[in-house]
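A.B. asks:
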Amino acid sequence: VPGGGVTLTVDYDAPFDANLAGLFRVVEQGQAYALAKSESIQARRFLPSFDEPGFKAPFDISLTIPAGMTAISNTPVSRREPAGSDFERVTFLRTRPLSTYLLSVAVGNFERVDAGVIPPNAYREWPVPLSGYARRGKGAELANVLAITPAIIRFYEESLRQPYPYDKLDLIAAPQWPSGATELAAAVTYRESRILSNPQSGPQFIRAMKSVHAHELAHMWFGDLVTPPWWNDLWLKEGFASWAEPAVLSSLEPDGGYDVTAIADSISAMRLDSLASARAVAEPIFRNDDIRNAYDSITYNKGLAVLNMVDHWFGPDVFRPALGDYIATFADKAADSDDFFRVIGQATDNPEIGKSLKSFVAQNGVPLLDAELQCAESGAKVALDQSRYRPLGSTIDPNRLWTIPVCISWQEGDKSGRSCSLLASEHAVVPLSGATCPDVYHPNAGGTGYYRFALADRGWAKLADALPDMEAGEALTALDSGMAAFAAGRLDASMLRRLLASASANTNPTVAGTVIDAYTGLMERLAGAPAEGLSADALAMSDAMRARIATDPSNMELKSRLDAFDATVLKRDDTRARLAREIDAWLGNPSADSGLSGDLFAPALSVFLDEGGMTAYNRVLAAYTDIDDPAFGQAVASALGGVTDAEQAARTRELVGAGTLGPRETFTLAAGQMSHPETRDAMWNFLAQNFPAFLKAVPTQWQRATPRLAGPFCDQAGLDALNQLFSEYGTLAEGHERALAETREAITLCMAQKEANQADLETAFGTP
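In terms of the numbering used here, the sequence shown is residues 2 to 769.
Encoded structure:
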């Protein structure tokens with residue numbers, strides 16, 4: 002065969018997918034929409050291609066669509082022309098080199114919102130047209146997300162010293178989408194409930210909307226312009242985009258607390274990372290059905306954590322320009338972790354950055370630092386021993402080393418300071434320069450280190466006393482390390498109670514939210530046990546936080562958190578009556594201001610259902626169809642999933658079986674029923690009897706996660722039931738093996754915890 006170029010033409014057709022994978026079709030309010038969700042390997046469902054991220058090529062895209070409909074892709078439209086009776090052919094300009102998972106196809110009766118242009122700046126000489134697309138009648142609800150877009154783009158361009166890489170930027174609010182959002186190049190697509198906002202939208206929603214938007218826009222550089230060649234390096238896009246969220250939002254809103262939220266997100270990864278079965282951030286992937294397992298809190302939040310740690314340690318003036326060099330080096334190409342480490346080391350002339358990052362990225366687990374304060378006339382120092390954190394009942398081998406950027410803060414009378422060291426050995430001593438014998442010290446200064454610490458009893462007591470006035474990041478890591486020490490059998494429940502009570506007085510809203518979550522978890526664990534002390538502490542915490550809100554009414558996020566906690570956990574009559582009254586009024590007239598924040602839709606609906614029986618249930622179910630509000634619809638699925646009344650729960654199981662609320666909502670209903678002991682067994686039995694049909698009813702990419710529905714089990718019977726279900730039906734849920742292993746381990750650890758420290762908890766929290 003003579004050499005030369007070959008053009009291969011493939012005629013291919015396939016039906017629209019019904020489970021939000023590949024090119025799928027949905028109907029919303031009587032209107033049909035076609036959308037392409039191709040990440041990770043779903044483009045092959047509608048486009049014969051080399052469907053791997055490392056293959057990047059320019060694409061010429063044209064679509065034949067019903068006349069009059071809107072078509073959106075990755076580039077501007079070059080021409081639109083008739084294509085037979087009642088159809089039009091829409092052709093788009095050629096793209097820059099893209100991976101197949103980044104291709105955009107969106108067709109339907111979208112309303113376009115012209116948001117002008119993102120103006121040129123020092124790094125980009127051309128204006129970028131900015132548009133939003135939503136279902137007809139919903140365009141105005143894109144105003145908030147469009148308004149913040151130019152500033153976010155400008156921050157990324159200035160921080161990286163690299164221009165926005167595409168010819169336009171479209172924001173698409175999809176009626177249905179399997180994830181929160183996807184970074185389709187220049188046509189970022191969101192589940193509409195994540196970005197459409199209206200006067201009912203609460204501050205928690207607005208904050209989450211800004212975060213997901215900042216995340217997706219960061220992908221235009223991290224993931225789209227520079228792409229990981231294979232899915233084991235997914236962190237190079239998802240970890241970086243997660244890290245970029247608080248970086249940009251803290252710059253735009255210095256008092257917004259996004260830096261503290263980043264620390265809370267980092268800590269959330271430690272829960273999964275404390276399992277022996279946890280993934281490494283960059284772990285080899287050999288099977289297609291294992292790819293989606295990399296989309297977890299290890300990739301996103303641990304990736305965020307280690308980047309945040311390195312950014313704070315070496316300084317943004319060093320780290321961020323080096324990221325720009327990485328982007329410039331691999332623009333329109335693929336780059337793996339070794340490429341990244343090499344370029345960052347060269348750009349900063351500091352190989353320690355790559356060495357530290359690699360030690361966290363290439364191995365799983367949470368570092369644990371045993372810290373001991375040593376005082377002497379020559380000055381104070383802290384002895385550190387590093388190992389891998391291991392909870393009670395775990396098979397983890399604690400022998401593990403990282404290269405850890407460690408900073409220790411201390412307070413001695415009116416003096417304070419911070420001492421830092423790069424810990425690469427099992428044992429080290431860090432001198433506390435300027436200190437003789439501190440009153441209190443914190444082994445994770447600022448809270449930006451991805452590690453836990455353990456102290457002697459006196460150290461915990463001193464830390465507890467300091468918690469009310471402690472800076473937020475340090476308060477969060479102190480709480481997490483204390484709770485982790487309890488789970489490892491190294492802290493007694495009485496000290497845990499003291500830590501929580503002290504943290505309740507900290508005025509930071511993120512710390513307050515963490516305390517609320519901790520009390521919620523304890524009340525679930527001690528349900529049915531005599532725990533008057535726990536109830537008294539939780540009530541005192543709520544009252545104290547409400548008193549603070551009275552003097553600072555602007556803190557509406559905390560107010561919503563407390564309303565939900567008081568109504569659904571503490572069951573306070575006054576709060577429940579108010580929420581039931583407000584949701585009743587809103588259901589009667591959604592266009593009126595009932596005083597109810599959208600952040601409280603779910604807890605208000607839960608109270609309404611709890612108090613109103615099947616009459617309320619039927620009314621809420623009807624409202625799901627009648628009221629066209631995406632955030633409300635999401636809350637309805639959550640509330641109907643959370644019912645515990647026997648008749649209501651039976652109706653929810655029927656909805657799970659029918660799948661009529663939608664694929665995502667069906668999964669939400671089942672997960673909600675599994676979260677309550679009153680309904681757990683009945684829901685599990687229903688799933689066991691109908692599992693093949695259930696798998697077909699939920700999003701394709703969620704099927705691998707179905708073992709996690711058993712996560713609330715904490716006994717041998719539940720573990721046996723999980724094993725039985727997946728021994729029978731596991732082959733139907735591709736890629737379920739990791740979720741199954743992690744869920745098995747979590748149940749086993751829960752049983753070990755209950756055996757080891759349940760009595761201690763009941764004693765410590767039993768009396769006021």
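By construction, the Cβ of each residue, glycine as well, lies at the ideal position given by its N, Cα and C atoms.
Does Glu472 come out as helix, strand or coil in the three-state DSSP assignment?
C.D. replies: Position 471 of the sequence shown, counted from the first residue, corresponds to residue 472. It is coil, neither helix nor strand.
A.B. asks: Could you tell me if Gly634 is buried or exposed, where buried requires 16 or more neighbouring beta carbons within 10 angstroms of its beta carbon?
C.D. replies: Numbered from its first residue, the sequence shown carries residue 634 at position 633. That one is buried.
A.B. asks: CA-CA distance, Thr92 and Ile397?
C.D. replies: Position 91 of the sequence shown holds residue 92. Position 396 of the sequence shown holds residue 397. Computed Cα separation, rounded: 56 Å.
A.B. asks: Who are the near neighbours of Pro469 in its chain, counting only those whose CB is closer than 7 Å to its CB and skipping five residues on each side?
C.D. replies: Here residue 469 refers to the residue found at position 468 when the sequence shown is read from its first residue. So the qualifying residues of the chain are Ser503, Ala506, Asn507.
A.B. asks: Could you check what DSSP says for Asp18 in three-state terms: helix, strand or coil?
C.D. replies: If you number the sequence shown from 1, residue 18 lands on position 17. Here Asp18 sits in strand by DSSP.
A.B. asks: Please go through the same chain and pick out, in chain order, the residues whose beta-carbon is closer than 6 Å to the beta-carbon of Ala29, but skip the five residues on each side of it.
C.D. replies: If you number the sequence shown from 1, residue 29 lands on position 28. Reading off the sequence, residue 29 comes out as Glu, not Ala. Closer than 6 Å at the Cβ level, and outside the excluded window around Glu29, lie Pro176.
A.B. asks: For the ligand ADP, I want to know if Gly203 counts as a neighbour, meaning its beta carbon is within less than 6 Å of at least one of the ligand's heavy atoms.
C.D. replies: Although the ligand ADP was asked about, the structure shown includes no ligands whatsoever.
A.B. asks: Out of curiosity, what's the CA-to-CA distance linking Leu563 and Phe602?
C.D. replies: Residue 563 sits at position 562 when you count from the first residue of the sequence shown. Residue 602 sits at position 601 when you count from the first residue of the sequence shown. Going by the C-alpha atoms only, they are around 14 Å apart.
A.B. asks: For Phe331, which residues of its own chain have a beta-carbon under 6 Å away from its beta-carbon, when the five flanking residues on both sides are left out?
C.D. replies: As a first step, residue 331 must be located in the sequence shown, where it is residue number 330. Excluding sequence neighbours, Phe331 sits near Val227.
A.B. asks: For the putative contact between Met271 and Val367, defined by C-beta atoms under 8 Å, what is the C-beta separation to the nearest angstrom?
C.D. replies: Sequence index remark: in the sequence shown, residue 271 carries index 270 (1-based). Sequence index remark: in the sequence shown, residue 367 carries index 366 (1-based). Rounded, the Cβ-Cβ distance is 5 Å, consistent with contact.
A.B. asks: Would you check if there are 3 or more beta carbon pairs closer than 8 Å linking the region 199-211 to the region 233-245?
C.D. replies: Touching, no, given that fewer than three Cβ pairs across the two stretches are closer than 8 Å.
A.B. asks: I'd like to know whether the C-beta atoms of Leu385 and Trp411 end up nearer to each other than 7 Å.
C.D. replies: The residue given as residue 385 occupies position 384 in the sequence shown. The residue given as residue 411 occupies position 410 in the sequence shown. No; because the gap between Cβ atoms is not below 7 Å, this pair is not in contact.
A.B. asks: Beta-carbon separation of Tyr452 and Leu370 under 7 Å?
C.D. replies: Your numbering for residue 452 matches position 451 in the sequence shown. Your numbering for residue 370 matches position 369 in the sequence shown. Contact: yes.
A.B. asks: Quick check on Ser495: buried or exposed, where buried means 16 or more other Cβ atoms within 10 Å of its Cβ?
C.D. replies: As a first step, residue 495 must be located in the sequence shown, where it is residue number 494. Result: exposed.
A.B. asks: So, with DSSP's three-state summary, where would you put Arg620?
C.D. replies: Your numbering for residue 620 matches position 619 in the sequence shown. In the structure shown, Arg620 sits in a helix (DSSP, three-state: H, G or I).
A.B. asks: Of the residues Gln690, Ala718, Pro664, Glu746, which one's Cα is nearest the Cα of Ala22?
C.D. replies: On the sequence shown, position 21 is the one that residue 22 refers to. Selected option, being the one with the closest Cα: Pro664.
A.B. asks: Note the first and the last residue of the continuous alpha helix (DSSP H) segment covering Gly529.
C.D. replies: On the sequence shown, position 528 is the one that residue 529 refers to. Run containing Gly529: none; DSSP gives neither H nor E here.
A.B. asks: Distance check for Arg137 and Pro406, CA to CA, integer angstroms please.
C.D. replies: As a first step, residue 406 is located in the sequence shown; it is residue number 405 there, counting from the start. As a first step, residue 137 is located in the sequence shown; it is residue number 136 there, counting from the start. If I take the Cα positions, the gap works out to 51 Å.
A.B. asks: By Cβ distance below 8 Å, which residues in the same chain neighbour Val621 in space, the five residues on each side in sequence not counted?
C.D. replies: Taking the sequence shown and counting its residues from 1, one reaches residue 621 at position 620. Around Val621: Leu588, Leu606, Phe609, Leu610, Val637, Ala640, Leu641.
A.B. asks: Return the residue from the list Asn122, Phe88, Leu147, Ser298 that minimises the CA-CA distance to Leu131.
C.D. replies: Position 130 of the sequence shown, counted from the start, is the residue given in the question as residue 131. That would be Leu147, whose Cα lies nearest to the Cα of Leu131.
A.B. asks: Mapping the DSSP letters down to three states, classify Glu254 as helix, strand or coil.
C.D. replies: As a position in the sequence shown, residue 254 is number 253, starting the count at 1. Three-state DSSP puts Glu254 in coil, outside helix and strand.
A.B. asks: Since I believe Thr576 is in contact with Asp567 (beta carbons under 8 Å), could you give me their beta-carbon distance rounded to a whole number of angstroms?
C.D. replies: Indexing the sequence shown from 1 puts residue 567 at position 566. Indexing the sequence shown from 1 puts residue 576 at position 575. At roughly 4 Å, the Cβ-Cβ gap stays under 8 Å, so Asp567 and Thr576 are in contact.
A.B. asks: Quick one: measure Cβ to Cβ for Glu558 and Pro631, integer angstroms, because I've assumed they're closer than 8 Å.
C.D. replies: As a first step, residue 558 must be located in the sequence shown, where it is residue number 557. As a first step, residue 631 must be located in the sequence shown, where it is residue number 630. Wrong, their Cβ atoms sit about 20 Å apart, outside the cutoff.
A.B. asks: Confirm, please, whether the CB-CB distance from Arg293 to Gln702 is below 7 Å.
C.D. replies: Your numbering for residue 702 matches position 701 in the sequence shown. Your numbering for residue 293 matches position 292 in the sequence shown. Against a cut-off of 7 Å, the Cβ pair of Arg293 and Gln702 comes out as a contact.
A.B. asks: Look up Asp386 in the DSSP assignment and say whether it is helix, strand or coil.
C.D. replies: One-based indexing of the sequence shown puts residue 386 at position 385. If DSSP states are grouped into helix, strand and coil, Asp386 belongs with the strands.
A.B. asks: Pro444: buried (16+ other C-beta within 10 angstroms of its C-beta) or exposed?
C.D. replies: Taking the first residue of the sequence shown as 1, we reach residue 444 at position 443. Its Cβ being crowded by 16 or more others within 10 Å, Pro444 is buried.
A.B. asks: Based on Cα-Cα distance, which residue from Phe727, Tyr442, Tyr618 lies nearest to Ala457?
C.D. replies: Translated into positions along the sequence shown, residue 457 becomes position 456. Of the candidates Phe727, Tyr442, Tyr618, the one whose C-alpha sits nearest the C-alpha of Ala457 is Tyr442.
A.B. asks: Around the C-beta of Leu720, are 16 or more other C-beta atoms found within 10 angstroms, so that it is buried, or is it exposed?
C.D. replies: Taking the first residue of the sequence shown as position 1, residue 720 is located at position 719. Per the 10 Å Cβ criterion, buried.
A.B. asks: Compare the C-alpha of Leu170 against each of Arg113, Arg162, Asn199, Ala528 and name the closest.
C.D. replies: On the sequence shown, position 169 is the one that residue 170 refers to. Out of Arg113, Arg162, Asn199, Ala528, Arg113 has the C-alpha closest to the C-alpha of Leu170.
A.B. asks: When DSSP labels each residue in this structure, what does Ala174 get in the three-state scheme?
C.D. replies: The sequence position of residue 174 within the sequence shown is 173, counting from 1. Correct three-state label for Ala174: strand.
A.B. asks: Should the region 38-58 be called in touch with the region 176-188, which here means at least 3 C-beta pairs below 8 Å?
C.D. replies: Verdict: yes, contact present.
A.B. asks: Do the region 726-746 and the region 59-66 meet, that is, are 3 or more Cβ pairs less than 8 Å apart?
C.D. replies: The region 726-746 is not in contact with the region 59-66.
A.B. asks: Quick one, which of Leu48, Pro3, Asp12, Phe156 has its alpha-carbon nearest Phe773's?
C.D. replies: The structure shown does not extend to residue 773, since the chain spans only 2 to 769, so no value can be given for it.
A.B. asks: Give the DSSP bridge partners of Ile409, in chain order.
C.D. replies: Locating residue 409 in the sequence shown gives position 408, counting from the first residue. Paired residues: Ser420.
A.B. asks: Would DSSP call Phe695 helix, strand or coil?
C.D. replies: Here residue 695 is taken as the residue at index 694 of the sequence shown, counted from 1. Looking at Phe695 - three-state DSSP - the assignment turns out to be helix.
A.B. asks: According to DSSP, is Gly181 part of a helix, a strand, or is it coil?
C.D. replies: As a first step, residue 181 must be located in the sequence shown, where it is residue number 180. Coil.
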